[in-house]
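Colleague: First, the structure itself, so that you have it in front of you.
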Ligand SMILES: *Cc1c(COP(=O)(O)O)cnc(C)c1O
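Residue numbers (the numbering used here): 420 to 808.
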């Protein structure tokens, strides 16, 4: 079955008892037993809930993994994966990384004697030299946030060879509709479901997908013991969102391609980072491992003042943190997503006060380019009574 069909119908499809096309919301914390040792398969919703399970099974199929767990946020999902690490282990992460993942590693896990090292994972040839005897995980984002660096997943797998190192891929930026890291050798895929999967800027959610059986027992124990699971209603909203993932993403990518071309043609824009542009260094690699370029664009302006002016003068594109939704959002990484990333790391990857990150939505693309155009062109003009003259 193709992904579009799977997304629309879900794992089980209509409720077998009532025929309801929309999968029911089992808003129940606990489940009755008919007798001793006679569980229906559901006992208590922290361990398992039918609505959440329908979502998890759909996501496992989409990512072509063995099993999936749904969490209350992307960070809860990533923290569950970090729980697999033991004291004294060493982890390599993409240096261009979501700020929250960096904070979790440094503030919560480093004090537990786990060492995190941030490297350019897109340079797979150099990756070998960073692997140590105690390296137990490599955690990558591709494309990365916000510099859109592309890491060749299969080459990272090759670098790991027969070593006992888990390869984890944060697949938030492309979603399983465009990229399935397990097919290229990932052991675990994580998601912020808050972004493309939820797609409407209204749900916080996260996912962990394991590639094979051997990893499932431990992850199930962590999920059930810590209990940061997704509630039944949010699971249902997510099932509903997944039905339109393919059409949303196709429209978003189409819009993003036009906007990337528009920005590339503006003299005020000194660089456009979009993996769908043939000049992007990761263009070929992304094409090899993904079915599209997605709809995330970062771009650099000729000055900080212009960047701030654009943020403050866009009308349709909202200045807000987050991404992946139907509404276009613009972010200022240096003060928002990456505010807490150390300056040294920001300098190394190129996050400065001239850089903006745009998440392209499903609006009419002409309206979006016109909005960007008026925000750019009004720079330097004076305002009188709130009106640019
Ligand atoms: C947003 C995001 C996260 C964190 O997810 P939340 O749902 O906000 O907890 C992790 N990784 C990436 C790439 C993200 O964009």
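Using N, Cα and C, we set each Cβ at its ideal position, and we do this for glycine too.
Within 10 angstroms of the Cβ of residue 566, are there 16 or more other Cβ atoms? Answer buried if so, exposed if not.
Modeller: So residue 566 ends up on the buried side.
Colleague: Between residue 751 and ligand 1, is there a pair consisting of the residue's CB and a ligand heavy atom that are separated by less than 6 Å?
Modeller: It does not: the Cβ of residue 751 is nowhere closer than 6 Å to a heavy atom of ligand 1.
Colleague: Is residue 657 close to ligand 1? I mean its beta-carbon at under 6 Å from any heavy atom of the ligand.
Modeller: Answer for residue 657: no, Cβ out of range of ligand 1.
Colleague: Whole angstroms are fine: how far does the CA of residue 487 sit from the CA of residue 681?
Modeller: When rounded, the distance between both Cα atoms is 39 Å.
Colleague: Among the residues of its own chain, which have a CB less than 8 Å from the CB of residue 448, if the five just before and after it don't count?
Modeller: The answer, listed in chain order, is 463, 464.
Colleague: Do residue 608 and residue 600 have their C-beta atoms within less than 7 Å of each other?
Modeller: Going by C-beta atoms, residue 608 is nearer than 7 Å to residue 600.
Colleague: Could you give the distance in angstroms between the alpha-carbon of residue 484 and the alpha-carbon of residue 522?
Modeller: So the two alpha carbons sit approximately 28 Å from each other.
Colleague: Once you ignore the five residues that flank residue 589 on each side, which residues in its own chain have a CB closer than 6 Å to its CB?
Modeller: Excluding sequence neighbours, residue 589 sits near 560, 609.
Colleague: Comparing alpha-carbon positions, which option in 537, 556, 520 lies nearest residue 507?
Modeller: Of 537, 556, 520, the residue nearest in Cα terms is 556.
Colleague: Exposed or buried, residue 531, counting other C-beta atoms within 10 Å across all chains shown (16 or more means buried)?
Modeller: The residue is exposed, with fewer than 16 neighbouring Cβ atoms inside 10 Å.
Colleague: Just confirm the distance between the C-beta atoms of residue 605 and residue 630, as a whole number of angstroms; I'd bet it's less than 8 Å.
Modeller: Contact flag correct, Cβ pair sits at about 6 Å.
Colleague: Per DSSP, residue 598 is paired with what?
Modeller: According to DSSP, which records beta bridges pairwise, residue 598 is partnered with 709.
Colleague: Please return the same chain residues whose Cβ sits closer than 7 Å to the Cβ of residue 427, not counting the five positions on each side in sequence.
Modeller: So the list reads 662, once near-sequence residues are dropped.
Colleague: Taking one C-beta from the region 774–782 and one from the region 654–673 each time, how about it: are there three or more such pairs within less than 8 Å?
Modeller: Verdict: yes, contact present.
Colleague: Would you mind stating whether residue 583 and residue 543 have Cβ atoms separated by less than 7 Å?
Modeller: No, they are not a contact pair.
Colleague: Could you tell me the distance, in whole angstroms, from the CA atom of residue 611 to the CA atom of residue 425?
Modeller: Roughly 20 Å between the two C-alpha positions.
Colleague: Grouping DSSP H, G and I as helix and E and B as strand, with all else coil, what is residue 455?
Modeller: If DSSP states are grouped into helix, strand and coil, residue 455 belongs with coil.
Colleague: Could you tell me the boundaries of the beta strand (DSSP E) in which residue 563 lies?
Modeller: Neither: residue 563 is in no beta strand (DSSP E) and is coded neither H nor E.
Colleague: Buried or exposed, going by whether 16 or more other CB atoms sit within 10 Å of the CB of residue 676?
Modeller: Buried, because 16 or more other Cβ atoms sit within 10 Å of the Cβ of residue 676.
Colleague: Between which residues of its own chain and residue 550 is the CB-CB distance below 6 Å, once the five residues before and five after are set aside?
Modeller: If we look at residue 550 and ignore the five residues flanking it on each side, it has no Cβ neighbours.
Colleague: Ignore the nearest five residues each way along the sequence and tell me which others in residue 639's own chain have a CB closer than 8 Å to its CB.
Modeller: Answer for residue 639: 486, 488, listed in chain order.
Colleague: Relative to the C-alpha of residue 509, which residue among 602, 575, 520, 552 is closest?
Modeller: Checked all of 602, 575, 520, 552; the closest Cα to residue 509 is 552.
Colleague: Quick one: residues in its chain with C-beta nearer than 6 Å to the C-beta of residue 656, no 5 flanking neighbours on either side, listed in chain order?
Modeller: Hits under 6 Å: 622.
Colleague: Cβ atoms of residue 477 and residue 651: under 7 Å apart, would you say?
Modeller: Cβ atoms of residue 651 and residue 477: not closer than 7 Å.
Colleague: According to DSSP, simplified to helix, strand and coil, what is residue 778?
Modeller: Reduced to three states, the DSSP call for residue 778 is strand.
Colleague: Return the CA-CA distance between residue 649 and residue 492, expressed in angstroms with no decimal places.
Modeller: The alpha-carbon atoms of residue 649 and residue 492 are separated by roughly 8 Å.
Colleague: Of the choices 764, 748, 727, whose alpha-carbon is the least far from that of residue 735?
Modeller: The option with the nearest alpha carbon to residue 735 is 748.
Colleague: Tell me which same chain residues have a C-beta within less than 6 Å of the C-beta of residue 674, skipping the five on either side of it?
Modeller: Counting only Cβ-Cβ distances below 6 Å, and skipping sequence neighbours, we find 779, 784.
Colleague: When burial is assigned at 16 or more other CB atoms within 10 Å of the CB, is residue 460 buried or exposed?
Modeller: Residue 460 is exposed by the Cβ-count criterion.
Colleague: Which value, in whole angstroms, describes the spacing of the CA atoms of residue 729 and residue 653?
Modeller: For residue 729 and residue 653, the distance between alpha carbons rounds to 34 Å.
Colleague: Residues in its own chain within less than 8 Å of residue 422 by CB, not counting five upstream and five downstream?
Modeller: Same-chain partners within the cutoff: 481, 595, 596, 665.
Colleague: On the CB-based measure, 16 or more other CB atoms within 10 Å of its CB, does residue 440 come out buried or exposed?
Modeller: Exposed: under 16 other Cβ atoms inside 10 Å.
Colleague: For residue 753, which residues in the same chain have their Cβ closer than 8 Å to its Cβ, ignoring the five residues on either side in sequence?
Modeller: Result list for residue 753: 765, 770, 771, 772, 774, in chain order.
Colleague: What is the rounded straight-line gap between the Cα of residue 528 and the Cα of residue 500?
Modeller: Cα-Cα distance, rounded: 11 Å.
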